[in-house]
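**Student:** One gets the numbering used here by counting positions in the sequence shown from 1 and adding 26 to each.
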Amino acid sequence: MTEIRDTVILGSGCAGLTAAIYTARAGLKPLVLEGHEPGGQLSITTLVENFPGWPDGIQGPELIENMKKQSQRFGATFELAHLERVELGAHPIRLNASLGEIATRTLIISSGASARWLGLPSEQALIGHGVSSCATCDGFFFRGKEIAVVGGGDSAMEEALFLTRFATKVTILHRREHFRASKIMLERAIAHPNIELRTNTVVEEVLGVEDKEVKGLRIRDVKNGETEVLNVSGMFLGIGHEPNAKMFAGQVDLDEEGYIRTINNVFTTHHGEIVPGVFACGDVQDRRYRQAVTAAGSGCMAALEAEKFLEERGR
Ligand code: NAP
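1) Kindly confirm or deny that the region 172–187 and the region 197–214 touch, where touching means at least three C-beta pairs closer than 8 Å.
2) Is it the case that the region 249–256 contacts the region 272–282, given that we only count it when at least three CB pairs across the two stretches are under 8 Å?
3) Which value, in whole angstroms, describes the spacing of the CA atoms of T71 and E337?
4) To the nearest angstrom, report how far apart L36 and S324 are at their CA atoms.
5) Could you give the C-beta distance for A161 and F188, rounded to a whole number, given that I count them as a contact under 8 Å?
6) Let me know if I30 comes out buried or exposed under the rule of 16 or more other beta-carbons within 10 Å of its beta-carbon.
7) For I216 and I210, what's the separation of their Cα atoms in angstroms?
8) Taking 8 Å as the cut-off, does the region 69–86 touch the region 96–112 (at least 3 CB pairs, one atom from each stretch)?
9) Less than 6 Å between C-beta atoms, sequence neighbours within five positions excluded: which residues of the same chain meet that for A329?
10) Could you give the DSSP three-state label for N291: helix, strand or coil?
11) Which value, in whole angstroms, describes the spacing of the CA atoms of E149 and P118?
12) Taking the C-alpha atoms as reference points, what is the distance between G126 and T288?
13) With a threshold of 8 Å (Cβ to nearest heavy atom), would D309 be considered close to the ligand NAP?
14) What are the uninterrupted segments assigned as beta strand (DSSP E) that are 3 or more residues long and contained completely in the region 228–298, given in chain order?
15) Please give me, in chain order, every unbroken run of the beta strand (DSSP E) with length at least 3 that falls completely inside the region 157–226.
16) According to the Cβ coordinates, are E331 and F305 closer than 9 Å?
17) What's the C-alpha gap between L115 and S38?
18) Going along the chain, which residues of its own chain have a beta-carbon closer than 8 Å to the beta-carbon of K272, five neighbours each way excluded?
19) Return the first residue and the last residue of the beta strand (DSSP E) that F104 is part of.
20) Would you mind stating whether S159 and L263 have Cβ atoms separated by less than 9 Å?
21) M267 and A141 look like a contact to me (Cβ under 8 Å); what is the Cβ gap, rounded to whole Å?
22) Nearer than 8 Å: is that true of the beta carbon of S140 relative to any heavy atom of the ligand NAP?
23) Tell me which same chain residues have a C-beta within less than 8 Å of the C-beta of I286, skipping the five on either side of it?
24) Buried or exposed for L43, going by 16 or more other Cβ atoms inside 10 Å?
25) I135 bridges to which residues according to DSSP?
26) Thinking just about the alpha-carbon of each residue, which of V228, E105, T132, E88 is nearest to the one in L144?
27) Are T132 and L57 touching if we call contact CB-CB under 9 Å?
28) Between the C-alpha atoms of D247 and V112, what's the straight-line distance to the nearest angstrom?
29) Just to confirm my understanding: we take E172, look at its own chain, exclude 5 residues before and 5 after, and list those with CB closer than 7 Å. What are they?
Below, the structure written as structure tokens:
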């Protein structure tokens, strides 16, 4: 018979690792399934300057590695396994992972959200070297430079407006004629003297792969087919995020954009009723803040609730 675990944590970003530290320290011997992007979004950023406690900043991958070690010190274990199927309504909860079947009394879902990328090989090669999907994380590095933001929704407008604090010029590149952004956000961007908006424009290539830094963008006007080089030192993607929650559809409530709905940040529901023992934390349930520190905070809450859940049932 399969061993029944007290806690399994899905995802090893900031939320999952914080949940691992807390549940491990509570003696629950959590198993962390690292998922397809071990370390989450922090593992693809460079310097993190806004995580409290690091006056000189810390590299994202190092912060993640530290958290992982901290949880391992208290007994958390990690597996590079992918989840294939879950039965959240079962008692114990059943998981089918690439390493076999797992049964657990509590499950902490911290599978995160993945930034959407254009998918160009040159873009992928320059992530962390001038290509970013997080203005609050990386904007500071573009002080005095010219940059581009791709996208036509509120995220793109918000990123562009934020980035004017650092960049001398921000060019918004949108693939269509009309913007998806709300009127107020669009008007703010249009009114800003350091923002230029270019419609019907797509990025064909990010230049600078050999130099390991963005040297410009080859862009194309989709109406007349003409290409040109836009001289920028950075490209920010503002084309949305995808919560990694599809696998739970039909077993927990998702909002209209696919994020897990939670009550008090971490309690999951199904048809509005709390799902016993299943908690969600971090970006998979947060489309508003999406910060390392808020993810860590909700990871802590999920861990405390899992502990309380087990305690109330005599574990
Ligand atoms: P979004 O509204 O889905 O907009 C994504 C934008 O990216 C769209 O303009 C889309 O173009 C473009 N896009 C998507 N894939 C692309 C691709 N492969 N190549 C080029 N362009 C691509 O996403 P969002 O801006 O992240 O906003 C998500 C939600 O959060 C919205 O409800 C938004 O209102 C909200 N939000 C609010 C605020 C705020 O109020 N302060 C800030 C951020 C986000 P098309 O238009 O052609 O589809």
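The C-beta atom is built at its ideal place from N, Cα and C for all residues, glycine as well.
**Tutor:** This is what the structure holds:
1) yes
2) no
3) 38 Å
4) 14 Å
5) 5 Å
6) exposed
7) 10 Å
8) no
9) A45, Y48, T49
10) coil
11) 43 Å
12) 29 Å
13) no
14) 242–247, 253–256, 260–263, 267–269, 293–296
15) 172–176, 195–199, 221–224
16) yes
17) For clarity, residue 115 is Gly in the given sequence; the question names Leu instead. When rounded, the distance between both Cα atoms is 23 Å.
18) G284
19) 103–105
20) yes
21) Per the sequence shown, residue 267 should be read as His rather than Met. About 5 Å; that satisfies the 8 Å criterion.
22) no
23) I135, P269, A271, F274, V278, D279, L280, T294, A306, V310, Q311
24) buried
25) L36, A306
26) V228
27) no
28) 45 Å
29) A193, T194, K195, N257, V258, S259
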